[in-house]
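Undergrad: My questions all concern the structure below.
Number of protein chains: 2
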Amino acid sequence: MNFEAVTIKDIARELGISASAVSKALKDSHEISAKTKLLVLDCARRLNYQPNPMAQSLKRGNSKSIGIVVASLDNQFFPQVMNGIESVAYSRGYNLIITQTHESFELEVQNVRHLTNRAIDGLLISVSTETDAIDHLKSLHQKGLPIVFFDRVSDEIDTHKVIADNFKGAYEATQHLIQSGYKNIAHITSSPNISITKERLKGYTLALQQNNIQPNEAYIKYCLHGGKDQQEIENALTELLQQPNRPDAIFTASDRITTTILLLLHKLKLAIPQDMALIGFTNTPLADVINPSLSTVYQPGFEMGKKATEMLIDLIESKRPVTEFETAVLPTQVFIRDSSQQKKKL
Amino acid sequence: MNFEAVTIKDIARELGISASAVSKALKDSHEISAKTKLLVLDCARRLNYQPNPMAQSLKRGNSKSIGIVVASLDNQFFPQVMNGIESVAYSRGYNLIITQTHESFELEVQNVRHLTNRAIDGLLISVSTETDAIDHLKSLHQKGLPIVFFDRVSDEIDTHKVIADNFKGAYEATQHLIQSGYKNIAHITSSPNISITKERLKGYTLALQQNNIQPNEAYIKYCLHGGKDQQEIENALTELLQQPNRPDAIFTASDRITTTILLLLHKLKLAIPQDMALIGFTNTPLADVINPSLSTVYQPGFEMGKKATEMLIDLIESKRPVTEFETAVLPTQVFIRDSSQQKKKL
DNA sequence: TTGAAAGCGCTAACAT
DNA sequence: ATGTTAGCGCTTTCAA
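Each protein sequence line maps, in turn, to chains A and B. For the first sequence, position 138 matches number 138 in UniProt numbering, and the numbering has no gaps at all. For the second sequence, position 291 matches number 291 in UniProt numbering, and the numbering has no gaps at all.
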């Protein structure tokens, strides 16, 4: 590809016509005779002509690519979102440029800048746990870059958003723990900055309150880096375990936190659920074969990616400025397994 | 970004100098006075000038992006490779465009075509399980597109490659099963087309032979779609279980096959390792907490991505044609856990 | 129905 | 040290 690529000029020369005629013929313009079109199409095929997307982009002022910012691909959730994004983007002619924040605000800003030097037509973003201010996105949005938030959204920008029903998932998970006889329920979650943390916290708190359990600040542990740093999860767990009134159950708020807590409990040789019950947000397909099988809150990753991408491309391709925005809330699912089994009476 | 982006002309007009002077000043050319450079730089900052990468690309004939083709991000291995790729690519100024084949040859061809319309400077690829012929890559390679293979490589193209030591990993895994008292060891693997299958098969076979066990064709099951289709894994397992001389251990050859077999054995209520021992290639961090803990062969995904990207960028940026190619073989690691415990005497 | 010319934003050879 | 010009490949008026 690097050299000697066939251009429109080559076809023009070959056929003894002008480049503009070729260009028009290739896009089936009505102002070109059927005969010429046939000749051009045939010649293009013969020479294996491929349009140069950079020239097209420069000319048209778009890139036919979508920038994606996720926390990390190294978990169960985001790859599923990616599959959903793909399922729409390719069929509508868009490339995907993916970046990971690894839960760092700095990396997020850098990635967004990298992406938006006109190299993308729109942005699909789930902000990092560190992200509090979003000025880096606001200015882009004001300049007209279409943005759709998914998963971790910001209410500081008025645009389309796609989230899971984090509130309900958290509510149901907590409710289930209570009904299974657990009273001292801890919550290990991500940074309080981000939307999913707030939503999940609300569900957790409401379930407690409705059951006349006073939410206990000491039972709520935040991992400011979303558990990217294993140490912060260890610290959270240690602090919980050292409390005088040690919790008997934990509700964890993300893929990475859930699996890490699981590993740590095993390492500490704490029996699940006897010593500590567990239920958490995660999409791992291994929940069934874990020892004991893991109760989970599942998020519809694929559907979220699909929906967000449909929204984004509609935004990109809209003729007139869009002013009505939607926040789609997709259902979470709670799977009850053995890690949150009915508490045995002592 | 979409409109009113600041261009070099705007700066030129603002400062009353020529566009080319601005261009040169911006790249700190020696033929521009220090004073002018200062003015330009300052003005660029003031107007928030961002070069248009498409124009640069069109001009220079490169895109500063790397195309990536993997089977699927929806497992443990490839995201780790991605992290390795990132760790090199960004710091050397390259964007990443990622595509998944989902183990389909057709999708692979389509993705490669999509990527290579001059939109990428080089290609990092791990072929799909369906991929047998690689003419779609050969022609690109001949035209001068730098390609580096990783994980699943092809010997039909002479270029840099990065693989894990699949042979050794498979050999050691099988050897370990034998030493733990298992004699009837099955192997469930991917399509025989791809390199990793052949390499792993060799390790498996040699270990058997060295222990005077005759390899048994009926014990080797191929999943032509790499287990993308769960049914084919189920079929493989069923066929193994229905044999008169049913195997007492399985060695599985990829992330997805390993975890799926694990799930299936559980569903069938077969005790591991009593009814069936198991060891398999997978990078899942959950191996320790699975019931029972899972013996695994681990591949250095991060390092593979890193190495492959270094090789690719060196290729891309090489002044002179490269004719000496290297195949890097990175070590696998075998982790022995309970799923392949010493066989109990009956 | 076709062609000529201008221009997207940037760069580089070649003036000045 | 700075400016002029041409051109990357393609599209799109506008003219023929």
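No residue lacks a Cβ here, since even glycine has one placed at the ideal position from N, Cα and C.
(1) Straight-line CA distance for A:L263 to A:F281?
(2) Compute the distance between the beta-carbons of B:V329 and B:I157, then report whether it is under 8 Å.
(3) Where does A:K221 sit, in a helix, a strand or coil, going by DSSP?
(4) Quick one, which residues of the segment 270–291 of chain A are near chain B if we go by CB-CB under 8 Å, in chain order?
(5) Chain A beta carbons: is any one of them nearer than 8 Å to that of B:L263?
(6) Please report the straight-line C-alpha distance between A:A207 and A:S295, rounded to a whole angstrom.
(7) Report yes or no: do three or more beta-carbon pairs, one from the segment 163–173 of chain A and one from the segment 186–200 of chain A, lie closer than 8 Å?
(8) Determine the direct distance from the alpha carbon of B:I134 to that of A:A271, and round the result to whole angstroms.
(9) Tell me the DSSP secondary structure of B:T282 in three-state form.
(10) Mind listing which residues of the segment 226–257 of chain A have their C-beta closer than 8 Å to chain B's C-betas, in chain order?
(11) Counting pairs of Cβ atoms below 8 Å between the segment 8–21 of chain B and the segment 318–328 of chain A, do you hit three or more?
(12) Determine the direct distance from the alpha carbon of B:N117 to that of A:A25, and round the result to whole angstroms.
(13) I'd like to know if the segment 223–230 of chain B and the segment 249–256 of chain B are in contact, where contact means that at least 3 CB-CB pairs between them fall below 8 Å.
(14) Would you mind reading off the limits of the beta strand (DSSP E) that contains B:I250?
(15) Touch check for the segment 57–66 of chain A and the segment 86–94 of chain A: three-plus C-beta pairs under 8 Å?
(16) Over the uninterrupted alpha helix (DSSP H) stretch that includes A:S87, give me the two end residues.
(17) For A:Q100 and A:A71, which I take to be in contact (beta-carbon distance under 8 Å), what is that distance rounded to the nearest angstrom?
(18) Quick check: the segment 76–90 of chain B against the segment 298–314 of chain B, are at least 3 beta-carbon pairs closer than 8 Å?
(19) With distances taken Cα to Cα, identify the nearest neighbour of B:I11 among B:D42, B:K27, B:G181 and B:S154.
(20) I want to see whether chain A comes within less than 8 Å of B:L58, judged by CB atoms only; does it?
(21) Starting from the Cα of B:R246, find the closest Cα among B:A186, B:F77 and B:Y222 and give me that residue.
(22) Can you tell me the Cβ-Cβ gap for B:S339 and B:P244, rounded? I've got them flagged as a contact below 8 Å.
(23) In chain order, what residues of the segment 69–101 of chain A put their CB closer than 9 Å to some CB of chain B?
(24) Which residues of the segment 12–26 of chain B have a Cβ closer than 7 Å to any Cβ of chain A? Give them in chain order.
(25) Report the residue from A:V148, A:N83 and A:A173 whose alpha carbon sits nearest the alpha carbon of A:A249.
(26) DSSP beta-bridge partners for B:G67?
(27) Does any residue of chain B have a CB that is nearer than 8 Å to the CB of A:H136?
(28) Mark B:A34 as exposed unless 16 or more other C-beta atoms lie within 10 angstroms of its C-beta, in which case mark it buried.
(29) Based on Cα-Cα distance, which residue from B:D151, B:S180, B:I279 and B:V297 lies nearest to B:K343?
(30) Cα separation between A:K37 and B:H114?
(31) Where in the segment 136–209 of chain B do unbroken runs of the alpha helix (DSSP H), each at least 4 residues long, occur, reported from the N-terminal end onward?
(32) Round the Cβ separation of A:Q50 and A:A5 to the nearest angstrom and send it over; I've been treating them as touching at under 8 Å.
(33) Leaving out five residues on either side along the sequence, give the residues of the same chain with a beta carbon under 7 Å from the beta carbon of B:I120.
(34) May I ask you to report which of helix, strand or coil DSSP gives A:T309?
(35) Ignoring anything shorter than 4 residues, give me the alpha helix (DSSP H) runs that lie fully in the UniProt domain "HTH lacI-type" (6–60) of chain A, in order along the chain.
TA: In short:
(1) 15 Å
(2) no
(3) strand
(4) T284, P285, L286, D288, V289, I290 and N291
(5) yes
(6) 17 Å
(7) yes
(8) 52 Å
(9) coil
(10) none
(11) no
(12) 20 Å
(13) yes
(14) A249 to T252
(15) yes
(16) F77 to A89
(17) 7 Å
(18) yes
(19) B:D42
(20) yes
(21) B:A186
(22) About 25 Å separates the two Cβ atoms, so there is no contact after all.
(23) S72, L73, D74, N75, Q76, F78, P79, Q80, M82, N83, E86, Y90, N95, L96, I97, I98, T99 and Q100
(24) none
(25) A:A173
(26) B:I97 and B:L123
(27) no
(28) exposed
(29) B:S180
(30) 24 Å
(31) 166–179
(32) 7 Å
(33) S63, S65, I66, G67 and I97
(34) helix
(35) 8–15, 19–26, 34–47 and 53–60
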